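In this note's numbering, the protein residues as written are 20 to 258.
Where is the CB? At the ideal position from N, CA and C, for every residue including glycine.
The structure presented is a predicted model; accordingly, all values stated were derived computationally and were not measured.
Below you'll find the structure, written out as structure tokens, and then a few comments.
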């Protein structure tokens, strides 16, 4: 039985993971940490922690995790400083970070990489995403993951070619981002590759929040017992 801690237990994703964990014969939730109940010390008893919280919560939680604990984090929009703290913690924790735990999204990343690596920079690349009205980070973590995939396919740095606050004409080789927010959309993502005469569209739509929660639990089961280090969903999927 895996003793699980939830960081961000009162959020939408935390509640979804909690509900699915209750149906899992191999996982028991033993700690629930939230802004209303910030008992970070309770995480010390856990074999693994699933995190959908905030920068502040992560910073407070990491020191309480025991050596060898699996830390599965889906929190996005993190600053460089917090990323550095997580990387430092991976010297003693099995850290698995992902902007999206969906199997379909991770397959989409592979397809986007392949398409970008096969086509020249005379093909324009645009990444479109839509989420619910309360989504904070824009572009989303998943959109950035897709951007990283196509940038890797072109052997360029996303930070140099990303374009998400446009003015004027499109630059050759730019990777563009378009952000939409509204209603209760769980997550829609498209990668469009466009030439002067044709367009390729690769897309994914999440039909409910369970796809992310189930993926996070699968990642947790994979990560528990792994040596300390940094991991990704590619490792879980055997990529």
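Residues of the same chain with their beta carbon placed closer than 6 Å to that of residue 179 are lacking, with the five preceding and five following residues left out of the count.
Shown here, residue 111 sits in coil according to DSSP, grouped into three states, outside any helix or strand. Here residue 92 carries a strand assignment [DSSP, helix/strand/coil].
In summary, residue 42 is exposed, with fewer than 16 beta-carbon neighbours lying within 10 Å of its beta-carbon over all protein chains present.
Under DSSP, residue 22 forms a beta bridge with 47. In this structure the segment 212-223 does not touch the segment 81-88; the number of beta carbon pairs closer than 8 Å is below three. With a 10 Å radius around the Cβ and a threshold of 16 neighbouring Cβ atoms, residue 95 comes out buried. Of the candidates 136, 99, 232, the residue whose Cα lies closest to the Cα of residue 74 is 99. Distance from the CA of residue 145 to the CA of residue 192, rounded to the nearest whole angstrom, comes to 11 Å.
Under the three-pair Cβ rule at 8 Å, the segment 200-211 counts as touching the segment 149-156.
The segment 104-120 makes contact with the segment 242-254, as at least three CB pairs between them are under 8 Å.
Shown here for residue 33: same chain residues with a beta carbon closer than 6 Å to its own, the five before and five after excluded, namely 25, 27, 71 in chain order.
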